[in-house]
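Q: Each residue of the sequence shown is one higher than the one before, counting from 46 in the numbering used here. Please see the structure below; I have some questions.
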Amino acid sequence: MKTFKFPARHGYAVEISPFIPTRLACATSQYYGIAGCGTLLVLEQTETGISLVKSFDWNDGLFDVTWSESNEHILLTGGGDGSLQVWDTANPQPGPLQVLKEHTQEVYSVDWSQTREENLVVSGSWDRTAKVWDLSRGGQSLCTLQGHEGVIYSTLWSPHIPGCFASASGDGTLRVWDVKTGRCRLAIPAHKAEILSCDWCKYDQNVIVTGAVDCSLCVWDLRNVRQPLSRLRGHSYAIRRVKFSPFNQTVLASCSYDFTVRLWDYSRTEQPLLETLEHHSEFVCGLDFNLQIPNQGLVT
């Protein structure tokens with residue numbers, strides 16, 4: 046196991062580059078994001094460990110990060126001041142290329158669309174709105190989507206359906222949105238607690254997983270949402286992030302405020318929990334699979 050520590054920063058999100066399998070980005074904050082500033086870390090995995098490639102400071106906490114799907118040097122982060130920051134790892138200047146400021150509260154989620162012929166970003170905020178952006182069209186959002194009655198913790202593009210994303214909220218609902226119409230296509234009362242994370246299955250456009258403060262994960266088939274396909278229990282505190290495996294249709298990972306990372310196979314009815322990883326000594330907030338190196342597993 047390789048580890049990297051950065052003084053006075055707590056990691057909130059980690060994402061591996063879609064272009065360079067050994068490179069990853071980590072969004073961090075001071076004082077658990079309650080106060081202080083944030084730093085975007087760009088890291089490189091080597092045979093001996095993890096080294097710092099570059100760091101970018103921001104004047105508020107950074108809560109999420111996403112890599113561009115069209116340029117290996119570009120990243121986007123979401124901050125506690127309600128702004129999105131565009132960074133270029135090839136730029137010698139220390140500041141962001143662009144700052145997008147429309148949200149009125151913390152931006153807790155950013156995601157870059159992976160579907161072809163789209164270059165869109167979606168952001169989710171504590172102001173209860175999700176916004177869609179096209180960075181090539183300047184600093185204004187294309188649309189604002191409203192409907193959640195609580196803060197939005199997670200917004201994620203469908204890897205299958207263009208112009209479609211899901212959002213998870215403190216109001217206990219999972220929503221699926223159509224950007225073309227600007228409307229919510231489906232609202233699922235998925236948990237009786239705040240939902241902190243969601244993710245789409247990479248193999249089935251109808252399957253989504255949610256992770257919530259009630260310590261459970263629910264796997265949903267969007268064609269029949271009366272009850273989940275599977276309800277996974279094992280964490281002892283709130284689930285902070287969930288991710289489907291890119292290599293196995295029914296395997297997923299979750300990380301939690303209980304300091305653990307867990308691997309599950311939701312197709313197993315008897316023992317869906319595959320493994321529990323207990324390497325961290327604080328809250329585990331970030332989680333990602335390496336798309337290009339299957340045997341490397343997870344980064345947290």
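Ideal Cβ placement from N, Cα and C applies to all residues, glycine included.
Taking 8 Å as the cut-off, does the region 221-229 touch the region 272-285 (at least 3 CB pairs, one atom from each stretch)?
A: The region 272-285 is not in contact with the region 221-229.
Q: Spatial neighbours of Gln-150 within its chain, please: C-beta separation below 8 Å, excluding the five flanking residues on both sides.
A: Answer for Gln-150: Gly-127, Ser-170, Trp-171, Asp-172 and Val-196, listed in chain order.
Q: Between which two residues does the beta strand (DSSP E) containing Glu-320 stretch?
A: Its beta strand (DSSP E) spans residues 318-322.
Q: With H, G and I counted as helix, E and B as strand and the rest as coil, what does DSSP make of Gly-256?
A: The answer is strand: DSSP assigns Gly-256 an E or B state.
Q: Should Ser-141 be labelled buried (16 or more other beta-carbon atoms within 10 Å of its own) or exposed?
A: The amino acid occupying residue 141 in the given sequence is Pro; Ser does not appear at that position. It is buried - the Cβ of Pro-141 has at least 16 other Cβ atoms within 10 Å.
Q: Based on the DSSP output, what are the partners of Pro-336 in its beta bridges?
A: For clarity, residue 336 is Leu in the given sequence; the question names Pro instead. Answer is none; Leu-336 lacks a bridge partner.
Q: Using the C-alpha atoms, what's the distance from Ser-199 back to Val-155?
A: Cα-Cα distance, rounded: 8 Å.
Q: Are the CB atoms of Val-306 and Val-329 nearer to each other than 7 Å?
A: Their beta carbons are under 7 Å apart, which means Val-306 touches Val-329 by this criterion.
Q: Output yes or no for whether 7 Å exceeds the beta carbon distance between Ala-72 and Val-87.
A: The answer is no: Cβ separation not under 7 Å.
Q: Return helix, strand or coil for Arg-278, following the three-state DSSP convention.
A: It is a strand residue.
Q: How about Ala-235 and Val-258: do their beta carbons lie closer than 7 Å?
A: No, these two residues do not count as a Cβ contact at 7 Å.
Q: Any idea if Ile-240 is buried or exposed, counting beta-carbon neighbours within 10 angstroms, 16 or more meaning buried?
A: Flag for Ile-240 reads buried.
Q: Could you have a look at Leu-267 and say whether DSSP puts it in helix, strand or coil?
A: Here Leu-267 sits in coil by DSSP.
Q: From Leu-145 to Tyr-57, what distance separates their C-alpha atoms?
A: Cα to Cα, the separation comes out at about 20 Å.
Q: Thinking C-beta only, is Ile-119 closer than 7 Å to Asp-133?
A: In contact: Asp-133 and Ile-119 (Cβ atoms closer than 7 Å).
Q: Can you tell me which residues form a DSSP beta bridge with Asp-179?
A: Answer by DSSP bridge pairing, in chain order: Leu-165.
Q: Between which two residues does the beta strand (DSSP E) harbouring Gln-191 extend?
A: Note, Gln-191: beta strand (DSSP E), 188-191.
Q: Whole angstroms are fine: how far does the CA of Ser-168 sit from the CA of Leu-187?
A: Near 12 Å, if we compare the C-alpha coordinates of Ser-168 and Leu-187.
Q: Can you tell which of Thr-48, Leu-165 and Trp-157 has its C-alpha closest to the C-alpha of Glu-92?
A: Among Thr-48, Leu-165 and Trp-157, the Cα nearest to that of Glu-92 is on Thr-48.
Q: Determine whether the beta carbon atoms of Thr-295 and Asp-310 lie at a separation below 7 Å.
A: Yes; because the gap between Cβ atoms is below 7 Å, this pair is in contact.
Q: Give the single residue among Leu-332, Leu-336, Gln-90 and Asn-104 whose Cα lies nearest to the Cα of Val-344.
A: If we check each option's Cα against that of Val-344, Leu-332 comes out closest.
Q: Can you find the residues in the same chain that come closer than 7 Å, C-beta to C-beta, to Asn-251, ignoring five residues on each side of it along the sequence?
A: Contacts found: Asp-266, Leu-267 and Arg-268.
Q: Taking Cβ positions, are Glu-163 and Pro-207 nearer each other than 7 Å?
A: Yes; because the gap between Cβ atoms is below 7 Å, this pair is in contact.
Q: Just reading off the beta strand (DSSP E) that Gly-140 is part of, what are its end residues?
A: Taken as a continuous stretch (DSSP letters only), Gly-140 belongs to no beta strand (DSSP E), as it is neither H nor E.
Q: Closest to Phe-304 by CA distance: which of Asn-116, Gly-279, Pro-317 and Gln-316 is it?
A: Closest option to Phe-304, Cα to Cα, is Gly-279.
Q: Identify the residues that DSSP records as bridge partners of Gly-124: which are they?
A: According to DSSP, which records beta bridges pairwise, Gly-124 is partnered with Leu-107.
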